[in-house]
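Notes for the one structure printed next.
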Amino acid sequence: MHTQRTFAFVLGALCLLLVPFFAMQFGVEGWDWNVTDFVIMAVLLSGAGFALAAATNSNFSLKRRVMAISIVGLLFILYVHLAVGIVDSWPLAGS
332 MHTQRTFAFV LGALCLLLVP FFAMQFGVEG WDWNVTDFVI MAVLLSGAGF
382 ALAAATNSNF SLKRRVMAIS IVGLLFILYV HLAVGIVDSW PLAGS
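Using the numbering used here, read the sequence shown as starting at 332 and increasing by one per residue.
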């Protein structure tokens, strides 16, 4: 039961990668990703999927569930920084 939910969260998160893939195929302006971008987002989204699955698991203690939600927040902040560059001093900051 729990492995099916974890698989659903991770698969759902990775399906979000289809949005930039198809946007690039149809020539939408602003979608210029390379393989590295897809790999980084796959790692971030699958990590968020695992953390969300852990956060919704009722067998985990409250402490672990709060840590899982914190990981999702951290991954979101990292994504925003990679996309637009919150702090310009980091070399991987966006434009």
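In this text, a Cβ means the ideal position worked out from N, Cα and C, and glycines have one as well.
Computed from a predicted structure; not experimentally measured.
Please state whether the Cβ-Cβ distance between residue i and residue j is less than 7 angstroms.
i           : j           : result
valine 411  : alanine 382 : no
alanine 379 : alanine 344 : yes
valine 389  : valine 341  : For the sequence presented, residue 389 should be read as serine rather than valine. No, they are not a contact pair.
Give the secondary structure of residue i by DSSP, where H, G and I count as helix, E and B as strand, and everything else as coil.
i                 : result
aspartate 368     : helix
leucine 413       : helix
leucine 375       : helix
glycine 404       : helix
glycine 361       : coil
leucine 345       : helix
phenylalanine 391 : coil
Between residue i and residue j, which are expected to be in contact by the criterion C-beta below 8 angstroms, what is the C-beta distance as a whole number of angstroms?
i                 : j           : result
phenylalanine 369 : leucine 348 : 6 angstroms
Query raised in the report: Within the chosen definition, does the region 368-375 reach the region 383-403 through at least 3 CB pairs nearer than 8 angstroms?
Result: no
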